[in-house]
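For the record, the sequence lines run as chains A and B. Under my numbering, the first residue of the first sequence is numbered 1, with each subsequent residue one higher. Under my numbering, the first residue of the second sequence is numbered 249, with each subsequent residue one higher. This report concerns only the one structure given below.
2 protein chains.
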Amino acid sequence: MTEQRRRIVKVPDLGYEYEDVGPLAPSERRNYGPRKNLHATTTYRVRQLILDGELPPGQRISEHALCERCGVSRTPVREALKALAIEGLVKITPNRGATVVTLSPIELTETFAVMGALEALAGELACQNMNDGEIDYISELHDRMVDHYKRREIHEYFSVNQRIHDAILFGSRNDVLGAQYRQLAGRIRLARYQANFSERRWAQAIAEHKRILAALKKRDGKRVARLLRAHLNSKLISLLDVSGCTDS
Amino acid sequence: MTEQRRRIVKVPDLGYEYEDVGPLAPSERRNYGPRKNLHATTTYRVRQLILDGELPPGQRISEHALCERCGVSRTPVREALKALAIEGLVKITPNRGATVVTLSPIELTETFAVMGALEALAGELACQNMNDGEIDYISELHDRMVDHYKRREIHEYFSVNQRIHDAILFGSRNDVLGAQYRQLAGRIRLARYQANFSERRWAQAIAEHKRILAALKKRDGKRVARLLRAHLNSKLISLLDVSGCTDS
DNA sequence: AATCATAAAATTGTATACAATTTTATTTCA
DNA sequence: TGAAATAAAATTGTATACAATTTTATGATT
Chain A
1 MTEQRRRIVK VPDLGYEYED VGPLAPSERR NYGPRKNLHA TTTYRVRQLI
51 LDGELPPGQR ISEHALCERC GVSRTPVREA LKALAIEGLV KITPNRGATV
101 VTLSPIELTE TFAVMGALEA LAGELACQNM NDGEIDYISE LHDRMVDHYK
151 RREIHEYFSV NQRIHDAILF GSRNDVLGAQ YRQLAGRIRL ARYQANFSER
201 RWAQAIAEHK RILAALKKRD GKRVARLLRA HLNSKLISLL DVSGCTDS
Chain B
249 MTEQRRRIVK VPDLGYEYED VGPLAPSERR NYGPRKNLHA TTTYRVRQLI
299 LDGELPPGQR ISEHALCERC GVSRTPVREA LKALAIEGLV KITPNRGATV
349 VTLSPIELTE TFAVMGALEA LAGELACQNM NDGEIDYISE LHDRMVDHYK
399 RREIHEYFSV NQRIHDAILF GSRNDVLGAQ YRQLAGRIRL ARYQANFSER
449 RWAQAIAEHK RILAALKKRD GKRVARLLRA HLNSKLISLL DVSGCTDS
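Set out below in structure tokens:
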């Protein structure tokens, strides 16, 4: 590698000089085109890859591999990784790249404590701000969730469960709260793949949800707050035990 | 602009061809050197610029101007802006650049509600987890803060006040909580520059702090939580009134 | 063969070229 | 003159070149 190196040279008022090559063959064309906000798209896609478990916790993320997978250059990929690092889904070590975050039991416990406070606030505010239609809607969702529980349809159960929590969050009429909550919720979803599943825990979650709904109908904000906090706490306990978890 | 364009051409197994220019003059040297994590440094510096009010809320941030100011290229600047956007200090509009966030009264109110929940949790946990030395230390800080109040040394007052809140946060022994809190605290500091200052509010803040300290000494977690929440609330009220604010 | 030193490859960090947009300046026509 | 059309400039978005590191592979020495 001792041969003469070659460089671009800057020419005043003319920009830069290159070898003249005429029109490019299609295979040499760069990947330009109408703007589609690649970095946002990429951030979204990588987030999904992580939350769906395709990139499991602890996994190293090679920029190059992600570029291939998403069909974009390194620039948007790097911006996406940086964004996800702030969100707490990815950990970046200088000069050594990015890995999917693994939450230690301590971090998991800490996160749940914060989540508890946020969800309690959401419940309290929701009791004040939701209209009757919203409560009816949540009640409906609850019934459907119980049906899925009875039929042991776990995937559908999870889905409806999340919609209930989303509805409470929406009912709180506080977007900042929603954003903070969802951020932490993403991190917790990471842990789900480490945990198992238990019939007993599932039944417990259903019982807790029943109490929460009842308090919600009475618009007893303080009680909803307390129950939600307890609900999260029992979820944490089941996550920390190897025995397993159900509720989201 | 109809003249023939010139390009780089790719040569198999050889990389790229450039005009051969020999060694570069010093003025043409690129700004390379030992690694110092420019993007992290830049993020930090821009954050400070915003929090110190040098880039006021609503101000448009030109990438080019920031590059000049920080002496780096656009890459780290863009990464910094993206990171600050996630943090909520900056708002990025596609193809139209970044501006410093301005919090509307609604957003401010929402943020304070979340802050209240977080700080209440911090107080509660701190009562459980702090050792006696830490409480003594906070007590000391409190006395110093009161001194600054009596001498009307507002800058020093602010500084000590923040250290008290930091000590409580540390006492909670929950890093996730600390991170979330500080993130929101940054956004609130933005609003400070819109608000004024009132003697009455200052006195009120001191009185509230006195009660908080007393409850802290008794390790009455629930009461500390309630007082901190109320403290934040009265701060919000003073922020929303044009009349002004003091406490941080 | 095991260990250390060295070289090559892979990977990350930064700068800058070119593309696409938006903003500003200029010209044209009523 | 003023509004619309057009061109130029400025700004943002993406890709890629080169620099600096880290990781892996290779070779020398014992």
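Glycine included, each C-beta is placed from N, C-alpha and C at the ideal position. Just so it is clear, the structure is predicted and the values come from calculations on it, not from any experiment.
Buried or exposed by the 16-neighbour rule on C-beta atoms within 10 Å, applied to residue i
i, result
"residue 11/A", "Low per-residue confidence applies at residue 11/A: pLDDT is 30, beneath 50, and the placement is therefore not dependable, though the value from the model is reported in the following sentence. Label assigned to residue 11/A: exposed."
"residue 457/B", "buried"
"residue 309/B", "buried"
"residue 78/A", "buried"
"residue 354/B", "exposed"
"residue 324/B", "buried"
"residue 133/A", "exposed"
"residue 42/A", "buried"
"residue 451/B", "exposed"
"residue 405/B", "buried"
"residue 330/B", "buried"
"residue 328/B", "buried"
"residue 58/A", "exposed"
"residue 131/A", "exposed"
"residue 172/A", "buried"
"residue 343/B", "exposed"
"residue 427/B", "exposed"
"residue 44/A", "exposed"
Three-state secondary structure assigned by DSSP to residue i
i, result
"residue 339/B", "strand"
"residue 123/A", "helix"
"residue 41/A", "helix"
"residue 58/A", "coil"
"residue 28/A", "With a pLDDT of only 39 at residue 28/A, under the threshold of 50, the placement of this residue in the model should not be trusted; the figure read from the coordinates follows. Looking at residue 28/A - three-state DSSP - the assignment turns out to be helix."
"residue 345/B", "strand"
"residue 145/A", "helix"
"residue 481/B", "helix"
"residue 115/A", "helix"
"residue 419/B", "helix"
"residue 381/B", "helix"
"residue 218/A", "coil"
"residue 321/B", "coil"
"residue 34/A", "coil"
"residue 223/A", "helix"
"residue 301/B", "coil"
"residue 68/A", "helix"
"residue 198/A", "coil"
"residue 399/B", "coil"
"residue 352/B", "coil"
"residue 414/B", "helix"
C-beta neighbour in chain B for residue i, strict 8 Å
i, result
"residue 57/A", "no"
"residue 222/A", "no"
"residue 129/A", "no"
"residue 87/A", "yes"
"residue 65/A", "no"
"residue 94/A", "yes"
"residue 218/A", "no"
"residue 233/A", "no"
"residue 82/A", "yes"
"residue 239/A", "no"
"residue 48/A", "no"
"residue 204/A", "no"
Check: residue i C-beta below 7 Å from any heavy atom of the ligand SAM
i, result
"residue 134/A", "As presented, the structure is devoid of all ligands, the ligand SAM included, so that no description of it is given."
is_contact[residue i, chain A] using C-beta, thresh 8 Å
i, result
"residue 424/B", "yes"
"residue 339/B", "no"
"residue 369/B", "yes"
"residue 316/B", "no"
"residue 327/B", "yes"
"residue 350/B", "no"
Quiz item: When Cβ atoms are compared, which residues of the stretch 105 to 117 of chain A fall closer than 7 Å to chain B?
Solution: 107, 110, 111, 113, 114 and 117
Quiz item: For the 8 Å Cβ check, are there 3 or more pairs between the stretch 134 to 142 of chain A and the stretch 222 to 241 of chain A?
Solution: With the cut-off at 8 Å, the stretch 134 to 142 of chain A and the stretch 222 to 241 of chain A do not touch.
Quiz prompt | the stretch 118 to 133 of chain A contacting the stretch 355 to 367 of chain B, beta-carbon criterion three pairs below 8 Å | solution = yes
Quiz item: Pairing CB atoms from the stretch 147 to 160 of chain A with CB atoms from the stretch 212 to 220 of chain A, are three or more of them under 8 Å?
Solution: no
Practice problem: Decide if the stretch 429 to 443 of chain B is in contact with the stretch 286 to 301 of chain B; the criterion is three or more beta carbon pairs, one per stretch, under 8 Å apart. | Solution: Contact between the stretch 429 to 443 of chain B and the stretch 286 to 301 of chain B is present: 3 or more CB-CB pairs across the two stretches fall below 8 Å.
Exercise. Give, in chain order, every residue of the stretch 385 to 410 of chain B whose Cβ lies closer than 7 Å to some Cβ of chain A.
Key: Listed by position along the chain: nothing, the set is empty.
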